[in-house]
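Just below is one structure, and these are the notes that go with it.
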Amino acid sequence: QQPVQSPQAVILREGEDAVINCSSSKALYSVHWYRQKHGEAPVFLMILLKGGEQKGHEKISASFNEKKQQSSLYLTASQLSYSGTYFCGTELGRGKLIFGQGTELSVKP
Amino acid sequence: ETGVTQSPTHLIKTRGQQVTLRCSSQSGHNTVSWYQQALGQGPQFIFQYYREEENGRGNFPPRFSGLQFPNYSSELNVNALELDDSALYLCASSFWGGGTDTQYFGPGTRLTVL
């Protein structure tokens, strides 16, 4: 039931792009993306809903392929502040999020 | 800053003891979810409270229990602590009015069981 994220870790130079993928074996209603820095709480990035609606508040884009039960998070022109662990969460039932194992992103100067 | 607060920040307990963790939800939110995050893992859903009722539970034993109060703040209680209970405990508050709600996490309580 736990979504699978790939890659597990990625190292970038400032300005480079990255894609983080999230796949589920179950039909997805929504996918929630969070970023967590070491020792801090996860911070909400974006929700993608079945039917194509997206809700987010940062300059990060994502896609949601309902047929493939996949979502991808696109980080373009990465900045040092993008470093952290990215989690995708899928809804098991209303509001009950099941998180992937995380993708650790390091952006170097 | 999400407006979600948790207390205490850190806690050290010994096996067999009981612990209560507290969460104040963001203003206007009516739902609180609790998660356990072990080192290097994603958060694991414990349970959720909506309007003072438990509204779903993850794969956690009954010694994990909770409450939600009329002001929507919440408590997580863990009895008979085990070493494996050592983790970061996160609460997330949201407003549910139908559809999918966005959950905003608090800073967490780091529990160490010796």
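Here the protein sequences come in this chain order: A and B.
Here the first sequence stands for residues 1 to 109, where the numbers follow the working numbering.
Here the second sequence stands for residues 1 to 114, where the numbers follow the working numbering.
Even glycine gets a Cβ: it sits at the ideal position worked out from N, Cα and C.
Looking only at its own chain, which residues have a Cβ that is under 6 angstroms from the Cβ of G15/A, when we skip the five neighbours before and after it?
The answer, listed in chain order, is A77.
Taking all protein chains shown into account, do 16 or more other C-beta atoms lie within 10 angstroms of the C-beta of D17/A, making it buried, or fewer, making it exposed?
It counts as exposed.
Check the Cβ of F105/B against every Cβ in chain A and list those closer than 7 angstroms, keeping chain order.
By Cβ distance, chain A contributes A41 and P42.
By the DSSP assignment, the beta strand (DSSP E) with A9/A in it spans what residues?
Start and end: A9 to R13.
Keeping to the same chain, check which residues put their C-beta closer than 7 angstroms to that of N55/B; ignore five residues upstream and five downstream.
Contacts found: Q48 and Y49.
Do M46/A and A27/A have their C-beta atoms within less than 8 angstroms of each other?
In this structure, A27/A does not lie closer than 8 angstroms to M46/A by Cβ.
Applying the criterion that 16 or more other CB atoms from any shown protein chain within 10 Å of the CB defines a buried residue, is G100/A buried or exposed?
Burial call: buried.
If we count Cβ pairs, one from each stretch, closer than 8 angstroms, do we get three or more for the stretch 27 to 46 of chain A versus the stretch 104 to 113 of chain B?
A contact exists between the stretch 27 to 46 of chain A and the stretch 104 to 113 of chain B.
Pick helix, strand or coil for S81/A, following the three-state DSSP scheme.
Helix at S81/A.
Does the beta carbon of D101/B come closer than 8 angstroms to any beta carbon on chain A?
D101/B counts as touching chain A.
According to DSSP, A27/A sits in a beta bridge with which residue or residues?
Answer by DSSP bridge pairing: none, since A27/A is not bridged.
Skipping 5 residues on each side, what residues in its chain have a beta carbon closer than 6 angstroms to that of P43/B?
Y35, Q37 and L90, listed in sequence order.
Report the rounded CA-to-CA distance for T103/A versus Y86/A, giving the unit in angstroms.
Using only the alpha carbons, I get a separation of about 5 angstroms.
State the start and end residues of the unbroken beta strand (DSSP E) segment that holds L103/A.
Note that residue 103/A corresponds to Thr in the displayed sequence, not to Leu. Segment T103 to K108, the beta strand (DSSP E) holding T103/A.
Which chain B residues are close to K96/A, counting only those with a beta carbon under 9 angstroms from its beta carbon?
Within chain B, the residues near K96/A are S33, F45, F47, Q48, N55, G56, R57 and G58.
Closer than 8 angstroms by C-beta to L11/B: which residues in its own chain qualify, once you throw out the five before and the five after it? Chain order, please.
These residues qualify, in order along the chain: V19, L21, T109, R110, L111 and T112.
According to DSSP, is L49/A helix, strand or coil?
Strand, per DSSP.
Quick check on E91/A - is its C-beta less than 8 angstroms from some C-beta in chain B?
It does: the Cβ of E91/A has a partner Cβ on chain B nearer than 8 angstroms.
So which of S86/B, L81/B and Q26/B has the shortest CA-CA distance to R15/B?
Ranking the options by Cα distance to R15/B, first place goes to L81/B.
Just to confirm my understanding: we take G84/A, look at its own chain, exclude 5 residues before and 5 after, and list those with CB closer than 7 angstroms. What are they?
Closer than 7 angstroms at the Cβ level, and outside the excluded window around G84/A, lie R35, Q36, K37 and L105.
Output needed for S24/B: all residues of its chain with C-beta closer than 6 angstroms, excluding positions within five of it in sequence on either side, in chain order.
The residues are T5 and S73.
What are the partner residues of Q17/B, as DSSP defines its beta bridges?
Per DSSP, none; premise fails for Q17/B.
Quick one: does S65/B have its CB under 8 angstroms from some CB of chain A?
It does not; no Cβ of chain A falls within 8 angstroms.
Would you mind working out which of K67/A, Q8/A, R13/A and E40/A sits nearest K50/A, comparing C-alpha positions?
The residue with the shortest Cα to Cα distance from K50/A is K67/A.
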